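Counting the sequence shown from 1 gives a position; the working numbering is that position plus 311.
Heads up, the beta-carbon is just placed ideally off N, CA and C, and yes, glycines get one too.
Here the structure is a predicted model, which is why all the values come from computation and not from measurement.
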Amino acid sequence: MTDVVLPCLNEAPALPWLLTRMPAGFRVIVADNGSTDGSPGIARALGARVVSVSQTGYGAAVHAGLIAADPDDGVVCVMDADGSFDPRVLPRFAGPVLAAEADLVVGRRRPTTWGAWPVHARVGNALVANRVRRKTGLHVHDIAPVRAARRTDLLGLDLQDRRFGYPLELLVAAGRAGWRVTELDVPYLPRAEGTKSKVTGTVRGTARAIRDMRAVLAR
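Right, dumping it as structure tokens:
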């Protein structure tokens, strides 16, 4: 059984589609970060385990999901809960880790429509990914929006960021640790109607993400 951590904050419109498409053998942990739209109840009704996360922040939700995952050195996948990724791609990500061919498998977003990924977000992502390549030597072009690794390995990195810098800190730490990192293309869909990006959806969210990532790259 492979655990799938879904960091969640008000993703009720996306959860039914997402959870009903989860592949066999993948067990869902919804790490709820204070949703007020009924997301936890929807997730439970569809068979997911829900973990309530009192500390705000994307990294806090992911970390809580990892703690709640199977402790027996299993593989854990992480993906957004807004419907922008089809969970049927997850076996492609977990497979190389299960086969001991990679320590970390990450996704490179390939938008299915022009509007799925705003231009300013693409440009910002490309600039940060370039910094990661120069800093770590990893051949990556995205900031790990979907990823898979063994739970014990992830916890062993002792990542500290609990906000938007978490995926970036993961890549930097994996590079420093000499991990074998594989990047796979993944279709990037328009997020479910009624959900809102926590980064590009607001000026405040964008500013926070920039601040968090700058702090990670400055270390």
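Per-residue DSSP class, three states only, for residue i
i: G376; result: helix
i: R525; result: helix
i: A432; result: helix
i: P402; result: helix
i: E504; result: coil
i: T493; result: strand
i: G385; result: coil
i: A531; result: An answer regarding residue 531 cannot be provided, because it is not within the stretch 312 to 530 covered by the chain.
i: G512; result: Per-residue confidence for G512 stands at a pLDDT of 49, beneath the threshold of 50, marking its modelled position as unreliable; the derived number appears in the next sentence. Looking at G512 - three-state DSSP - the assignment turns out to be coil, as it is neither helix nor strand.
i: L329; result: helix
i: N321; result: coil
i: P478; result: helix
i: R530; result: coil
i: V439; result: helix
i: A335; result: coil
i: L256; result: A query on residue 256 cannot be resolved here, the shown segment of the chain reaching from 312 to 530 and no further.
i: V451; result: coil
i: R427; result: Going by the sequence as given, residue 427 is Ala instead of Arg. Helix.
i: A392; result: coil
i: R444; result: helix
i: R473; result: coil
i: G486; result: helix
i: G345; result: coil
i: G368; result: coil
Burial state of residue i, where buried means 16 or more other Cβ atoms lie within 10 Å
i: H450; result: exposed
i: T424; result: exposed
i: S363; result: exposed
i: A455; result: buried
i: S350; result: buried
i: A484; result: buried
i: N344; result: buried
i: E504; result: exposed
i: M524; result: buried
i: D391; result: buried
DSSP bridge partner residues for residue i (one or two, in chain order)
i: I353; result: Beta-bridge pairing links I353 to no other residue.
i: I340; result: V316, R360
i: R420; result: V497
i: L409; result: Looking at the DSSP assignment, L409 forms no beta bridge with any residue, so it has no partner.
i: L415; result: A460, V492
CB contact flag (residue i, residue j, <8 Å)
i: L320; j: P398; result: no
i: V315; j: R338; result: yes
i: A460; j: V387; result: yes
i: L415; j: R445; result: no
i: A427; j: P318; result: no
i: G370; j: R474; result: yes
i: A325; j: G368; result: no
i: G385; j: T447; result: no
i: V389; j: V361; result: no
request  = Evaluate the contact criterion for the stretch 412-422 versus the stretch 452-472: three or more CB pairs, one atom per stretch, below 8 Å.
outcome  = yes
query = Counting Cβ pairs, one atom from each stretch, are 3 or more of them under 8 Å apart for the stretch 464-480 and the stretch 367-387?
reply = By the criterion of at least three beta-carbon pairs nearer than 8 Å, the stretch 464-480 is in contact with the stretch 367-387.
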